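Residues in the sequence shown are numbered consecutively from 225, following our numbering. All C-beta atoms in this analysis are idealised placements derived from N, C-alpha and C, irrespective of residue type, glycine included. In this text the structure is predicted, and so the values were computed from the model without any measurement.
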Amino acid sequence: MRQPIQLMLCVTALLCDSHLALADSMTQRYPLPLIASGWPVPEQHFRFVVSVQLGGGHYCTGAFIQTDWVLTSARCIEHHQAGVVVRLGHKLQSEPGQLLTVKKVLRHPLYQPHSLEHDIALLQLAAPTPADVQPLQLPTAAIVAQLLYPGVYLASASWGAMTERGEAADGLLQQSLPLQDHRHCNRSEAYRGAVLPSMLCAGFASNTTEQCVADSGAPLVGRYQGVDYHLGVASFGPGCTQNADVPVIAAATTTDIQTNSNRASYTIFSSSWFYLDWITATISVNH
Numbered sequence: 225m226r227q228p229i230q231l232m233l234c235v236t237a238l239l240c241d242s243h244l245a246l247a248d249s250m251t252q253r254y255p256l257p258l259i260a261s262g263w264p265v266p267e268q269h270f271r272f273v274v275s276v277q278l279g280g281g282h283y284c285t286g287a288f289i290q291t292d293w294v295l296t297s298a299r300c301i302e303h304h305q306a307g308v309v310v311r312l313g314h315k316l317q318s319e320p321g322q323l324l325t326v327k328k329v330l331r332h333p334l335y336q337p338h339s340l341e342h343d344i345a346l347l348q349l350a351a352p353t354p355a356d357v358q359p360l361q362l363p364t365a366a367i368v369a370q371l372l373y374p375g376v377y378l379a380s381a382s383w384g385a386m387t388e389r390g391e392a393a394d395g396l397l398q399q400s401l402p403l404q405d406h407r408h409c410n411r412s413e414a415y416r417g418a419v420l421p422s423m424l425c426a427g428f429a430s431n432t433t434e435q436c437v438a439d440s441g442a443p444l445v446g447r448y449q450g451v452d453y454h455l456g457v458a459s460f461g462p463g464c465t466q467n468a469d470v471p472v473i474a475a476a477t478t479t480d481i482q483t484n485s486n487r488a489s490y491t492i493f494s495s496s497w498f499y500l501d502w503i504t505a506t507i508s509v510n511h
């Protein structure tokens, strides 16, 4: 397994505080809408994001990293490895979309449902995606150095949860999240050590009861020199849904996650860089 490149530490407490102050300021100046803490995504953007579906309905989010491979969360397919399909298209209800058959479901072999460690999975499609869908690129060490540092704003997109009943939005929604260092997210008022080296922490220092979060499996995306990179897979965090049948990030399982996720708006992602060796080896073996 590839060793993670640790996020750059703030040199002084003042610098750390300035990052958090910026996040708080952004939250106050630009209040986030209820739906998935985001705003509608134009049809021509985020074409690499897909709806992972079961029984004809939206269940999780995923993202193309190759024309026939989708990266998502292991919790999404923990109990449902048969009957999974992928749906292209930003609108879940108001437009027909395009269903793509999933050939193989490959969950990380060390996935831990209680700690959500190794919460990452691959979906191999039976046929390549349409040519107008550009997959995300996987990160390199150089990209990690450019894009993963505290305070940088990264994007995520999903259908999220519209209401406390866990209803997904009709249209794809985008949110912008500042990256936080592990020390900050593991404080007693946040996740109390539940954020592991294999994870990334992004979001804001304050939370409100109105704020919902992305679906499990939603990609964390960074852009460098015009190229979009897959940096993380949404795993757990705060949320408004109380529907246990919908695996949005609010339904995490560890005691610390359940107890503390309502104190801050930090979303935790499985790091694509940390799992790069597993991703590339799994794709290679199954081609």
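DSSP three-state assignment for residue i, whether helix, strand or coil
{"i": "S508", "result": "helix"}
{"i": "V273", "result": "strand"}
{"i": "D501", "result": "helix"}
{"i": "V308", "result": "coil"}
{"i": "L371", "result": "helix"}
{"i": "A474", "result": "Residue placement at A474 is flagged as unreliable, the pLDDT there being 35, under the threshold of 50; the coordinate-derived value follows with that caveat. In this structure, A474 counts as helix in the three-state DSSP scheme."}
{"i": "R416", "result": "coil"}
{"i": "A366", "result": "helix"}
{"i": "Q268", "result": "coil"}
{"i": "T491", "result": "strand"}
{"i": "W263", "result": "strand"}
{"i": "L396", "result": "coil"}
{"i": "D439", "result": "strand"}
{"i": "E319", "result": "coil"}
{"i": "L340", "result": "coil"}
{"i": "Y448", "result": "strand"}
{"i": "P402", "result": "strand"}
{"i": "L346", "result": "strand"}
{"i": "L278", "result": "strand"}
N- and C-terminal bounds of the beta strand (DSSP E) containing residue i
{"i": "V357", "result": "Run containing V357: none; DSSP gives neither H nor E here."}
{"i": "R331", "result": "322-331"}
{"i": "C300", "result": "It is not in any beta strand (DSSP E) - C300 carries neither H nor E in the DSSP assignment."}
{"i": "H282", "result": "281-290"}
{"i": "H454", "result": "451-460"}
{"i": "G313", "result": "No beta strand (DSSP E) contains G313, which DSSP labels as neither H nor E."}
{"i": "S380", "result": "377-382"}
{"i": "L424", "result": "423-428"}
Cα-Cα separation between residue i and residue j, rounded to whole angstroms
{"i": "G462", "j": "Y490", "result": "Residue identity differs from the one stated: residue 462 is Pro in this sequence, not Gly. Answer to the nearest angstrom: the Cα atoms are 7 Å apart."}
{"i": "S485", "j": "P374", "result": "Caution applies to S485, whose pLDDT of 45 falls short of 50 and renders its modelled position unreliable; the value that the coordinates give is listed next. Computed Cα separation, rounded: 20 Å."}
{"i": "V309", "j": "F272", "result": "15 Å"}
{"i": "W502", "j": "P359", "result": "18 Å"}
{"i": "D356", "j": "C425", "result": "31 Å"}
{"i": "L278", "j": "H304", "result": "8 Å"}
{"i": "T364", "j": "P264", "result": "30 Å"}
{"i": "A393", "j": "L316", "result": "8 Å"}
{"i": "S495", "j": "A369", "result": "14 Å"}
{"i": "A247", "j": "F428", "result": "Reliability of the predicted coordinates at A247 is poor, the pLDDT of 31 falling under 50, and the value obtained from them is presented with this limitation in mind. Going by the C-alpha atoms only, they are around 6 Å apart."}
{"i": "Q322", "j": "A350", "result": "14 Å"}
{"i": "L362", "j": "L455", "result": "7 Å"}
{"i": "E413", "j": "Q398", "result": "27 Å"}
{"i": "W497", "j": "K327", "result": "25 Å"}
{"i": "R407", "j": "E319", "result": "43 Å"}
{"i": "S339", "j": "L330", "result": "19 Å"}
{"i": "Q466", "j": "S440", "result": "Because Q466 sits at a pLDDT of 34, beneath the cut-off of 50, its placement in the model cannot be relied upon, and the point is left open."}
{"i": "G446", "j": "R311", "result": "23 Å"}
{"i": "M423", "j": "P354", "result": "31 Å"}
{"i": "A298", "j": "Y415", "result": "20 Å"}
{"i": "V371", "j": "R411", "result": "A small fix is needed here, since residue 371 is Leu in this sequence, not Val. Each residue's alpha carbon lies about 24 Å from the other."}
{"i": "L533", "j": "N510", "result": "Nothing can be reported for residue 533, as the shown portion of the chain is limited to 225 through 511."}
{"i": "P402", "j": "L346", "result": "26 Å"}
Whole-Å CB distance - residue i paired with residue j, under 8 Å assumed
{"i": "Y512", "j": "I344", "result": "With the chain running from 225 to 511 in the structure shown, residue 512 is simply not present."}
{"i": "G307", "j": "T296", "result": "G307 to T296, Cβ: 15 Å. No contact."}
{"i": "L444", "j": "S400", "result": "Actually they are not in contact, since the Cβ atoms of L444 and S400 sit about 11 Å apart, beyond 8 Å."}
{"i": "H269", "j": "W383", "result": "Not really, about 15 Å apart at Cβ, beyond 8 Å."}
{"i": "Q290", "j": "I507", "result": "7 Å"}
{"i": "A442", "j": "A458", "result": "4 Å"}
{"i": "F288", "j": "V274", "result": "7 Å"}
Segment limits, alpha helix (DSSP H) that includes residue i
{"i": "R407", "result": "406-409"}
Residue i: CB within 6 Å of a non-hydrogen atom of the ligand PLP
{"i": "Y415", "result": "What this structure holds is no ligand at all, so the ligand PLP is not there to describe."}
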